[in-house]
Structures are given as C-alpha cells and as structure tokens.
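**Student:** Pasting a structure below so you can have a look.
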Amino acid sequence: MKSILIIDDDALIRKTLAAHLAKQGFEVRAAEDGESGLAAAAEAAPDVVLCDIRLPDIDGLEVLGRLKESGHPAAVVIMTAYDDMKTTVEAVKRGAFEYLVKPLDYVALDLTVDKAFQVRALEEKVSYLVQERSKEYQIDNIIGRSAPMREVFKLIGSVAGTRTNVLIQGESGTGKELVAKAIHYNSPLRDEPFIVINCSAIQDTLLESELFGHVKGAFTDAHCETKGKFEIAGRGALFLDEIGDVSPGLQSKLLRVIETRDFMKVGGEKVLKTEARIIAATNHSLRSLIESGKFREDLYYRLKVVEIQLPSLRDRKEDIPDLVAYLLEKINRELRKNVRKVPAEVMKWLTEMSWKGNVRELENALTRAVILAKGDVVLKENLPLDSEDRKLFARALTSLEEVEKEYIGYVLSSVKGSKTRASQILQISRPTLDKKIKDYGLEVG
Ligand SMILES: Nc1ncnc2c1ncn2[C@@H]1O[C@H](COP(=O)(O)OP(=O)(O)OP(=O)(O)O)[C@@H](O)[C@H]1O
Ligand SMILES: [Mg+2]
44 MKSILIIDDD ALIRKTLAAH LAKQGFEVRA AEDGESGLAA AAEAAPDVVL CDIRLPDIDG
104 LEVLGRLKES GHPAAVVIMT AYDDMKTTVE AVKRGAFEYL VKPLDYVALD LTVDKAFQVR
164 ALEEKVSYLV QERSKEYQID NIIGRSAPMR EVFKLIGSVA GTRTNVLIQG ESGTGKELVA
224 KAIHYNSPLR DEPFIVINCS AIQDTLLESE LFGHVKGAFT DAHCETKGKF EIAGRGALFL
284 DEIGDVSPGL QSKLLRVIET RDFMKVGGEK VLKTEARIIA ATNHSLRSLI ESGKFREDLY
344 YRLKVVEIQL PSLRDRKEDI PDLVAYLLEK INRELRKNVR KVPAEVMKWL TEMSWKGNVR
404 ELENALTRAV ILAKGDVVLK ENLPLDSEDR KLFARALTSL EEVEKEYIGY VLSSVKGSKT
464 RASQILQISR PTLDKKIKDY GLEVG
C-alpha cells in the first residue's frame with residue numbers, strides 16, 4: 044500500500060492532512076517533531092514524507108538532510124508558512140522533491156503527491172533493473188578455469204576498484220564486451236552508465252558527434268543540440284569497441300580528451316569535462332597497426348594503462364565442457380527448451396573444433412542445435428559439420444523454404460533479434476525480412 048508520513052507540529056494540520064490523504068487510499072502516519080518523524084520514517088519506510096520546516100526540535104531541512112544521508116528512498120516534500128528563497132534553494136540542494144507553501148493548496152498537494160509516487164515507482168524499477176543487470180555481469184558468468192582465464196580474472200579483480208583506462212584485446216567472440224561489463228559492474232560506480240560505442244560501425248564524422256555531441260547547426264543535419272557518449276557516460280564507463288578502426292583525425296581528438304579530460308561538442312565552443320573511465324577493445328593487434336602507421340602510439344599507451352589479453356578458445360580447450368554446460372543452460376532458458384544432454388562423442392567433437400569465432404561461434408552452434416533438437420539431446424547432426432562448412436546445414440534433404448526459414452531463425456538468434464543486423468547479414472531489405480519473419484511465424488528476440 045502507498046504510504047505517506049506527515050511531520051508537522053501543528054495538530055490541526057496533521058489531522059486534516061491525514062484525513063485528506065487517507066480518504067484517497069493512502070496509508071498515513073504522522074509525527075509531531077523531527078526526531079520522532081525520523082524514527083517513524085526508519086520504521087515504516089514511507090514512500091513520501093511531507094515535512095514542515097519549523098519543528099520544535101530539529102528543523103525540516105535537517106530532517107531532510109538526515110533522511111537523504113541515510114539513503115532513505117522516500118520523496119521528501121517540504122512544507123512551510125514562510126516562502127523564502129533561501130530555504131527553497133537549501134531544500135532543493137538537500138534533495139527535496141518539492142516545496143509547498145502553507146496554507147496548503149490541496150490541488151497542488153495532490154498533484155505533488157501523485158508525481159512523487161510516480162517518480163518513486165520509476166526509481167524502484169530502475170534500481171531493480173540495475174541490480175538485475177549487475178547480476179548478469181557477475182564474474183561467475185565468465186566461464187573459465189584455464190590458466191590464461193585465471194590471469195584474466197585476476198586483472199578484472201584488480202582493475203574493477205580503480206578508475207584506470209583498460210584495453211581489452213582478443214579475437215572476435217572471445218568475450219571482450221563481457222569482460223568490459225564485468226569490470227564496470229563490479230566497480231564502485233556500477234550504478235553509473237555503461238555506454239557502448241562501436242567505432243567501426245559508424246562513419247567518421249558521425250562517430251565524432253556520437254562521441255562528443257554536437258551543437259545545433261554544426262552540420263547540415265544538426266537540427267538540434269545533442270549530448271555525446273562522453274557526456275552521457277557521466278562518471279560511468281565508456282566502452283570504445285573496435286578502437287583500431289578509429290581514423291587518425293579522431294585518434295588525436297580522443298588522445299586530447301584522455302589527457303586533459305576536456306572536450307567540445309562538434310561546432311561548439313564551450314569546454315566540457317568528462318569523468319568517464321575508458322575501456323577500449325579491439326580484435327586487431329594495435330602493435331601492428333602502430334607499426335604500419337595506422338594507430339597513434341601515444342594513444343595506445345594512454346588506453347592500455349591496464350591491458351587484458353583474452354585467450355582464443357583454441358588456447359583454452361579445457362574450458363569447453365564448462366562453457367558448453369553454461370551456454371546450454373543460458374540458451375535453454377532463453378528459448379524455453381530443455382536440451383541439456385551432450386553425448387560424450389559430441390562433447391569430444393566440440394572440444395576438438397577450431398572455433399575461429401571463439402565463444403560466440405560455440406554459442407551460435409549450440410543455439411542452432413537446441414533449436415533443431417527434437418528431444419533433449421544435443422545431436423552432432425544439428426551442429427555445423429566442419430569449420431569450412433559451418434554456415435550450411437548438415438541435415439537430411441529438405442525444401443529450400445524449410446532451409447530458408449531455419450537459416451533466418453538462426454541468423455536472428457545469432458544477432459540477438461537485431462533485425463537491422465540480420466537484414467545486413469542476409470543481404471535482404473528490412474521489409475523483406477519483416478515479411479519473411481511474418482510468413483514463417485518466426486519469433487524474434
Ligand atoms: N568466458 C565466457 N563465459 C561465458 N560466456 C562467454 C565467455 N566469453 C564470451 N562469452 C559469450 O560469447 C558471446 C560473445 O562475447 P562478446 O560479445 O563479449 O565477445 P567480443 O570479444 O566482444 O566479440 P567481437 O570481437 O566479435 O565483438 C557473448 O554472448 C558472451 O556472453
Ligand atoms: Mg564485441
């Protein structure tokens with residue numbers, strides 16, 4: 044039930060306000076001074092506190108300050124007979140939700156209370172989602188007991204508590220993004236944003252405005268001012284994926300931000316500050332890009348304050364059985380299937396494959412086997428046959444339509460339901476893809 048706490052020394056106000064709010068179905072409590080108000084707030088966990096400024100013991104601002112300091116989640120509405128700017132400013136500074144002047148206008152009061160409950164509900168939802176997300180990126184979800192993975196875990200552990208920049212290198216599908224998220228979600232600033240930007244997917248000039256934002260009129264399509272990822276990331280982490288693909292011009296700009304923490308929007312003149320931690324990733328060898336003059340060495344050193352090299356799956360075959368078990372669990376959960384049995388000869392085959400696409404390829408192969416399974420066993424015939432021929436289906440002769448349907452489903456699940464990506468891979472237009480999804484009754488997502 045929605046609960047409200049009133050803290051006011053005026054007995055008449057307590058009574059009329061409580062009656063007014065109770066009539067609307069709120070659970071109402073009241074306290075007559077600051078200390079007993081704080082005690083009631085701690086005990087009853089109200090969603091909204093209506094607090095008078097002048098109280099016999101401590102004043103309303105102190106009540107507000109102490110509630111916020113203790114991390115109490117209630118929205119605090121300050122009420123006072125004295126409408127003066129100074130207390131208003133002070134109340135807002137200390138985190139008051141709203142400031143109402145007495146005698147209370149009940150229409151304004153009701154609106155404020157409604158708004159406060161809406162905000163509280165949103166805050167609860169966000170904090171639930173943040174918690175769920177950080178669970179997803181717990182270190183336990185990175186599978187590996189092999190020696191090179193143990194090194195990776197050690198590095199994640201030592202870097203998570205710091206604000207240093209990290210460079211993650213490894214072949215495609217080795218888990219670079221997963222590790223970047225694990226670092227962020229295990230850091231003290233885990234509630235701050237984790238912002239991903241794929242530097243290879245975006246054309247140079249657009250990438251610049253994605254990173255730094257732009258002012259209105261900076262270029263032809265700049266119809267309004269935007270915030271860049273550096274600004275959006277706040278004190279959180281900015282994940283610069285495929286950093287090796289950044290153009291030389293933009294490399295100098297990145298170097299400048301990293302060195303000075305200053306940047307300007309495209310077309311802007313105001314200097315902005317960033318506090319974001321930079322986690323960069325690449326599947327190219329930055330060393331060889333430096334040698335061929337394509338990557339700035341000074342930027343490389345700024346990025347790799349700590350460097351994490353992810354091993355290829357070929358170099359940690361002993362982790363494959365654990366990965367298979369973990370990935371099957373995840374896939375079955377997502378697809379609501381129950382294909383968990385892996386015969387010894389299939390496991391042997393899975394362990395021997397070269398997995399050029401590393402964990403992602405293993406995950407895709409298993410996803411396909413789960414989708415195609417009729418019973419609860421991962422069958423070899425449902426897995427791609429050999430490394431050259433992985434994209435083709437090794438199965439009994441069937442109609443083209445059947446193959447198309449399954450292949451589209453396979454691609455969609457490989458790209459986690461991104462229709463844009465799927466239509467690029469399949470080289471068909473979005474409307475065509477949408478039509479096929481509809482015709483074949485495929486599930487996306
Ligand atoms: N050690 C691991 N344990 C469990 N799952 C993993 C592991 N490594 C990778 N994965 C899974 O494999 C998939 C690919 O991982 P991720 O996207 O982090 O790779 P990447 O190195 O960023 O790849 P790319 O270079 O292609 O962007 C994800 O679904 C991820 O959850
Ligand atoms: Mg990646």
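Our numbering applies: residue 44 is where the sequence shown begins, and numbers increase by one. Virtual Cβ for every residue (Gly too), placed ideally from N, Cα, C.
1) So, is Phe262 buried or exposed, given that buried needs 16 or more other C-beta atoms within 10 angstroms?
2) What three-state label does DSSP hand Ala61 in the structure shown?
3) Looking at Glu235 and Gly277, is the spacing between their C-beta atoms short of 8 Å?
4) What is the rounded straight-line gap between the Cα of Ser442 and the Cα of Asp362?
5) Exposed or buried, Asp95, counting other C-beta atoms within 10 Å across all chains shown (16 or more means buried)?
6) If you measure between the beta carbons of Ala223 and Ala159, is that distance less than 8 Å?
7) At what residues does the beta strand (DSSP E) containing Phe160 begin and finish?
8) Select from Glu445, Leu64 and Lys373 the residue whose C-alpha is nearest the C-alpha of Val413.
9) State buried or exposed for Gly204, treating a residue as buried only when at least 16 other CB atoms are found within 10 Å of its CB.
10) For Arg345, collect the residues of the same chain with a Cβ closer than 6 Å to its Cβ; drop the 5 residues on either side in sequence, then sort them by chain order.
11) Sorry if obvious, but does the Cβ on Ala323 come closer than 7 Å to a heavy atom of ligand 2?
12) Run through the stretch 338-384 for me and flag every whole alpha helix (DSSP H) of 4 or more residues, listed as ranges in chain order.
13) Can you list, in chain order, the stretches of the beta strand (DSSP E) that have 3 or more residues and sit fully within the stretch 91-156?
14) Would you report the Cα separation of Glu431 and Tyr369, rounded to the nearest angstrom?
15) Report, in whole angstroms, the separation of the C-beta atoms of Ala48 and Ala82, which I expect to be a contact under 8 Å.
16) Below 8 Å on the Cβ atoms is my contact criterion, and I expect Val421 with Val389 to pass it. Report the Cβ-Cβ distance as a whole number of Å.
17) Tell me which residue opens and which closes the alpha helix (DSSP H) that Asp477 is part of.
18) Quick check: does the Cβ of Ile186 come within less than 7 Å of any heavy atom belonging to ligand 1?
19) For Glu406, is the beta carbon positioned less than 7 Å from some heavy atom of ligand 2?
20) Taking the C-alpha atoms as reference points, what is the distance between Lys481 and Thr475?
21) Kindly examine ligand 1 and report whether one of its heavy atoms sits closer than 7 Å to the Cβ of Ser215.
22) State yes or no: is the C-beta of Gly187 within less than 8 Å of the C-beta of Asn401?
23) Is the separation between the beta-carbon of Leu93 and that of Val132 shorter than 8 Å?
24) Does the distance from the C-beta atom of Phe255 to that of Lys308 stay below 8 Å?
25) Using the C-alpha atoms, what's the distance from Arg206 back to Gly77?
26) Tell me, to the nearest whole angstrom, how far the beta carbon of Leu232 is from that of Ile351; I am working on the premise that it is less than 8 Å.
27) Determine which residues share a DSSP beta bridge with Ile238 and list them.
28) Can you round the beta-carbon distance between Ile275 and Ile322 to whole angstroms, since I take them to be within the 8 Å contact cut?
29) For the stretch 241-256 and the stretch 383-397, state whether three or more C-beta atom pairs, one from each stretch, are separated by less than 8 Å.
30) Does the Cβ-Cβ distance between Gly287 and Leu342 come in under 8 Å?
31) Could you check if Val289 belongs to the surroundings of ligand 1, using beta carbon to heavy atom distance under 7 Å?
32) What do you reckon, is the C-beta of Arg23 under 7 Å from a heavy atom of ligand 1?
33) In chain order, what residues of the same chain have a beta carbon less than 7 Å from the beta carbon of Ala439, not counting five sequence neighbours either side?
34) For the candidate residues Glu447, Ala465 and Val446, whose alpha-carbon lies nearest to that of Leu455?
**Tutor:** Reading from the atomic positions:
1) Within the sequence shown, the letter at position 219 stands for residue 262. Counting Cβ neighbours within 10 Å, Phe262 comes out exposed, since fewer than 16 surround it.
2) For the purposes of this step, residue 61 is identified with residue 18 of the sequence shown, where counting begins at 1. In this structure, Ala61 counts as helix in the three-state DSSP scheme.
3) Residue numbering aside, residue 277 sits at position 234 when the sequence shown is read from its first letter. Residue numbering aside, residue 235 sits at position 192 when the sequence shown is read from its first letter. Contact: yes.
4) Numbered from its first residue, the sequence shown carries residue 442 at position 399. Numbered from its first residue, the sequence shown carries residue 362 at position 319. So the alpha carbons of these two residues sit roughly 38 Å apart.
5) Your numbering for residue 95 matches position 52 in the sequence shown. With 16 or more other Cβ atoms within 10 Å, it is buried.
6) Here residue 223 is taken as the residue at index 180 of the sequence shown, counted from 1. Here residue 159 is taken as the residue at index 116 of the sequence shown, counted from 1. Contact flag unset, no.
7) As a working note, residue 160 is residue 117 in the sequence shown. Counting along the chain, Phe160 falls outside any beta strand (DSSP E), though it belongs to the alpha helix (DSSP H) covering Tyr149 to Glu179.
8) Position 370 of the sequence shown, counted from the first residue, corresponds to residue 413. Closest by alpha carbon: Lys373.
9) Here residue 204 refers to the residue found at position 161 of the sequence shown. Flag for Gly204 reads exposed.
10) For this step, residue 345 is matched to residue 302 along the sequence shown. Closer than 6 Å at Cβ, skipping near neighbours: Ile301.
11) Position 280 of the sequence shown, counted from the first residue, corresponds to residue 323. No.
12) 340-346 and 363-378
13) 91-95, 118-123 and 141-144
14) Position 388 of the sequence shown, counting from 1, holds the residue named residue 431. Position 326 of the sequence shown, counting from 1, holds the residue named residue 369. Caution applies to Glu431, whose pLDDT of 46 falls short of 50 and renders its modelled position unreliable; the value that the coordinates give is listed next. About 26 Å.
15) Numbered from 1 along the sequence shown, position 5 holds the residue referred to as residue 48. Numbered from 1 along the sequence shown, position 39 holds the residue referred to as residue 82. A small correction: the amino acid at residue 48 is Leu; Ala does not occupy that position in the sequence shown. In fact, because the Cβ distance is near 10 Å, the residues do not count as touching under 8 Å.
16) Locating residue 421 in the sequence shown gives position 378, where the first residue counts as 1. Locating residue 389 in the sequence shown gives position 346, where the first residue counts as 1. 6 Å between Cβ atoms; contact.
17) Start at 1 with the first residue of the sequence shown, and residue 477 comes out as number 434. Segment Arg473 to Tyr483, the alpha helix (DSSP H) holding Asp477.
18) Looking up residue 186 in the sequence shown gives position 143. Within the cutoff, so yes.
19) Along the sequence shown, one-based indexing puts residue 406 at 363. Glu406 Cβ: outside cutoff for every heavy atom of ligand 2.
20) Taking the sequence shown and counting its residues from 1, one reaches residue 481 at position 438. Taking the sequence shown and counting its residues from 1, one reaches residue 475 at position 432. About 10 Å.
21) Working through the sequence shown from its first residue, we reach residue 215 at position 172. Answer for Ser215: yes, Cβ within range of ligand 1.
22) One-based indexing of the sequence shown puts residue 187 at position 144. One-based indexing of the sequence shown puts residue 401 at position 358. For Gly187 and Asn401, no; Cβs fall outside 8 Å.
23) Working through the sequence shown from its first residue, we reach residue 93 at position 50. Working through the sequence shown from its first residue, we reach residue 132 at position 89. No, these two residues do not count as a Cβ contact at 8 Å.
24) The sequence position of residue 255 within the sequence shown is 212, counting from 1. The sequence position of residue 308 within the sequence shown is 265, counting from 1. Against a cut-off of 8 Å, the Cβ pair of Lys308 and Phe255 comes out as a contact.
25) Along the sequence shown, read from residue 1 onward, the residue named residue 77 stands at position 34. Along the sequence shown, read from residue 1 onward, the residue named residue 206 stands at position 163. Their Cα atoms are separated by approximately 40 Å.
26) Residue 232 sits at position 189 when you count from the first residue of the sequence shown. Residue 351 sits at position 308 when you count from the first residue of the sequence shown. Contact doesn't hold; Cβ gap of about 19 Å is too wide.
27) As a position in the sequence shown, residue 238 is number 195, starting the count at 1. Per DSSP, Leu281.
28) Working through the sequence shown from its first residue, we reach residue 275 at position 232. Working through the sequence shown from its first residue, we reach residue 322 at position 279. No, Ile275 and Ile322 are not in contact; Cβ-Cβ is about 15 Å, not under 8 Å.
29) no
30) The residue labelled residue 287 in the question sits at position 244 within the sequence shown. The residue labelled residue 342 in the question sits at position 299 within the sequence shown. For Gly287 and Leu342, no; Cβs fall outside 8 Å.
31) If you number the sequence shown from 1, residue 289 lands on position 246. Val289: no, Cβ never under 7 Å from ligand 1.
32) The structure shown does not extend to residue 23, since the chain is modelled only from 44 to 488, so the question has no answer here.
33) Position 396 of the sequence shown, counting from 1, holds the residue named residue 439. Because the pLDDT of Ala439 is 46, which lies under 50, any placement of that residue in the model is unreliable, and the number read from its coordinates should be weighed accordingly. Excluding residues within five positions, none has a Cβ falling inside 7 Å.
34) Taking the first residue of the sequence shown as position 1, residue 455 is located at position 412. Nearest option by C-alpha distance: Ala465.
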